[in-house]
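Throughout the sequence shown, residue numbering follows the numbering used here, covering 67 to 504 in sequence.
Notes for the one structure printed next.
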Amino acid sequence: MTRKQSGSSAESVPVLKRPGHRSIRVPGSKSLTARMIMLGALGAGRTTLKNPLVCDDTNMLAEAMATIGVGVKWTPSKIVLHGIDGKPPHGGKVNLGAGGTPSRFMIAAGALAKAPLVVDGNAKMRTRPIGELVTLLQILGVEFDNDTLPVTVNGNDFHGGTLDVPITKSSQFISALLLIAPFVDGGITLRCETPVTSSTYIDLTIATLHTFGVEVSDSTEGDKRIIAVPQKRVTHRDIEVEPDASSAVYFAAVAAIHKGLTVTLEGLSLNSSQPDIEAIRLLGTIGAEVVDTENGIKVTGTGTVRGFENVDASGFPDASLCLAAVAAFADSPSRIYGLETLPLKESDRIEVMARSLAKIGCGVASSDSDIRISPMLSTAPNMKVAVDPVDDHRIAMAMAVVGTKRHGVSIVNPNCVSKSYPNFWNDLRVVYEGKEVT
């Protein structure tokens with residue numbers, strides 16, 4: 067894989083020609099790393115996270131925590147957090163760049179600080195929604211000067227309580243509230259209207275709270291999901307972060323579309339609680355062989371990729387882009403729905419993915435919540451196509467999957483993957499050049 071200059075840098079994705087057995091260990095989970103940074107930073111004592119994901123989002127979250135008084139030390143293989151026992155001694159100003167999760171988490175963390183905290187982001191992040199989180203925190207006594215970034219958070223009168231939560235645009239609002247709940251007098255109870263947006267990520271947040279010793283009550287009452295997090299002193303932990311299913315799905319997809327290629331995803335299990343593991347499982351229903359082994363999940367391409375109708379990806383919306391890439395090589399049309407959150411991400415992911423797949427010869431139709439893909443015609447010319455992911459890391463990585471089988475694909479601004487997976491291009495090279503597994 068080579069980068070070249072043509073106005074802006076581009077990554078040319080070579081077609082994979084040599085099948086075999088590869089093995090790769092992706093970095094730690096981005097979702098788990100962010101949640102564990104929150105709890106380790108806000109808790110008491112020294113918490114060590116081994117194999118965390120080091121990327122733009124996690125770096126910015128850790129730096130923001132340092133601004134409010136957390137001791138933070140990165141090494142190549144771990145992050146050490148000296149927590150502040152639920153009482154951030156400082157306010158200040160933090161800029162989370164393009165980070166949606168870090169921005170929303172820091173708004174919540176700012177409610178605990180002894181002085182006002184200004185939370186800001188880049189131009190795109192200033193257009194992304196935070197108003198629902200602001201409204202919920204206002205009910206608990208937090209003061210704000212805005213309902214978009216930049217926003218000043220003043221938590222002098224912050225208190226716990228019970229909130230009625232409507233269906234939100236992002237599950238991150240709910241996760242942010244749950245993660246600060248142990249540090250609030252009286253804790254926080256959420257009465258969430260169902261269906262809860264991206265509820266699998268709420269489940270992951272609850273599981274992370276359990277990892278840190280917080281017992282969470284999670285029940286239903288009519289059409290409400292009731293989640294109660296008690297006040298509790300969160301103490302230090304030493305934790306190894308599980309490899310990132312959201313990163314692994316790209317390599318699983320590469321294996322699925324190449325007959326005779328096997329990729330073992332080291333350290334991952336099909337029983338993982340990470341939401342995007344479901345997309346890897348789904349590859350096993352459309353033609354790939356997907357099995358758990360002692361070393362990790364093994365995915366093998368059989369030469370068959372069946373089209374899939376009406377896949378509900380509401381539980382793993384980001385990984386749906388990778389499934390859309392696989393659908394380009396299926397034997398019949400596919401439809402993925404439940405994508406209501408994607409237009410509000412780093413880009414309008416449905417629109418950008420639809421446009422990108424159309425450029426490489428697929429028939430595509432979409433709405434603001436679904437995408438329908440007719441596979442590329444075998445007679446379609448393999449003209450060179452430069453895919454512009456509009457600075458969206460997940461579009462770039464999904465279309466790189468396409469480029470491993472469809473000749474002539476290059477990705478503009480390939481370094482946008484640093485938001486979640488800085489080493490992606492090097493790890494993709496392992497699929498081409500890595501030593502065979504025997």
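Note that CB positions come from ideal geometry on N, CA and C, so glycine has one too.
Just so you know, these numbers come straight off a predicted model, no measurement behind them.
- Between the stretch 140-158 and the stretch 328-340, the count of Cβ pairs shorter than 8 Å is below three; the stretches do not touch.
- When the five nearest sequence neighbours on each side are left out, the beta carbons in the same chain lying within less than 6 Å of the beta carbon of residue 333 are those of 91, 309 and 362, in order along the chain.
- Here the C-alpha atom of residue 320 lies approximately 12 Å from the C-alpha atom of residue 390.
- In this structure, residue 130 lies near residue 175, with their beta-carbon atoms less than 9 Å apart.
- For the stretch 214-297, the continuous beta strand (DSSP E) assignments of 3+ residues that do not extend past its boundaries occur at 217-220, 227-231, 254-259, 283-287 and 290-295, in sequence order.
- Note on the stretch 126-206: whole beta strand (DSSP E) runs with a minimum of 3 residues are 137-141, 144-148, 158-161 and 183-186, in chain order.
- In this structure the stretch 454-463 touches the stretch 479-496; the number of beta carbon pairs closer than 8 Å is three or more.
- Using a Cβ distance threshold of 9 Å, residue 307 and residue 117 count as a contacting pair.
- Secondary structure in the stretch 412-476: the alpha helix (DSSP H) runs of 4 residues or longer, each lying completely within the stretch, are 415-425 and 459-469 in chain order.
- In the DSSP assignment, the residues bridged to residue 305 are 115.
- Secondary structure note for residue 331: its beta strand (DSSP E) is the uninterrupted segment 327-332.
- Cβ neighbours of residue 209 within its own chain (closer than 6 Å, five residues either side excluded): 220.
- The Cβ atoms of residue 190 and residue 412 lie closer than 9 Å to each other.
- Here residue 495 carries a helix assignment [DSSP, helix/strand/coil].
- Collapsing the DSSP output to three states places residue 395 in coil.
- Taking 9 Å as the cut-off, the Cβ atoms of residue 404 and residue 440 do not count as close.
- Residue 275 and residue 243 do not touch by the CB rule: their CB atoms are close to 12 Å apart, not below 8 Å.
- For the options 196, 223 and 282, the alpha carbon positioned closest to that of residue 215 is the one of 196.
- Here residue 205 is exposed: its Cβ has fewer than 16 other Cβ atoms, across all protein chains shown, within 10 Å.
- Rounded to whole angstroms, residue 376 and residue 124 show a C-alpha spacing of 34 Å.
- In the three-state scheme derived from DSSP, where H, G and I count as helix and E and B as strand, residue 110 is classed as strand.
- In this structure, 472 is the residue among 433, 438, 472 and 432 with its C-alpha nearest to the C-alpha of residue 449.
- Note on geometry: alpha-carbon atoms of residue 164 and residue 397 lie some 37 Å from one another.
- Between residue 264 and residue 171, the CB-CB gap reaches or exceeds 9 Å.
- Pairing residue 161 with residue 86, the inter-Cα distance amounts to about 44 Å.
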